[in-house]
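For the sequence shown, counting from 1, position 106 maps to 738 in the numbering used here; every step adds exactly one. C-beta atoms are modelled at their ideal positions from N, C-alpha and C, and glycine is treated no differently. Here the structure is a predicted model, which means the values were calculated and not measured. Read through the structure below, which is laid out as structure tokens, and then see the notes.
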Amino acid sequence: CSVTEDGFFALLAGIESASALQILQINHQSLSAGAGIKMAGCLCSLTNLKSVNLIGCSFGEDGNLSILSALCSLFLLRDISLQEMQFGDSNILGTVLRENFTILTNLSSLDISGSNIGPNFADAFVETLRF
């Protein structure tokens, strides 16, 4: 389903209070970078998350960057699915990935199938897999 930005913010407020939450799945939402930044703040408070699935979501480049940074701070994450997301060719996204992704030592699955990633992001992604 599709929600308005106000509805999404209300949903995030409810999710943020669920500190024991272990699995989060949000499908096919196309919202502003502000919504992505707000979601990143919500993710940081969900320290028990083990699985995050953001399938077909778009939060603009700044929103996606914030979400990726937040995911890199969740040490318990085992599975991340960022299918069909739009990352573009940002050097900033590649830098965030290079500097932070190796923190996720419990990560066993990362799915970026169908995502639009440019060569800078792709190079950084391959580089982090070498660790």
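In this structure, the beta-carbon distance from K682 to L714 does not fall below 8 Å. Every beta strand (DSSP E) of 3 residues or more that sits fully in the region 687-740 is shown, in chain order, as 711-713 and 718-720. With contacts defined as CB atoms closer than 8 Å, G695 and I669 qualify as a contacting pair. Looking at E637, G646, S740 and G666, the one whose alpha-carbon comes closest to that of R710 is S740. Residue state for S683 is assigned as strand, using DSSP reduced to three classes. Judged by DSSP in its simplified three-state form, S662 adopts strand.
Rounded to whole angstroms, P751 and S664 show a C-alpha spacing of 24 Å. In the DSSP assignment, Q657 forms a beta bridge with N685.
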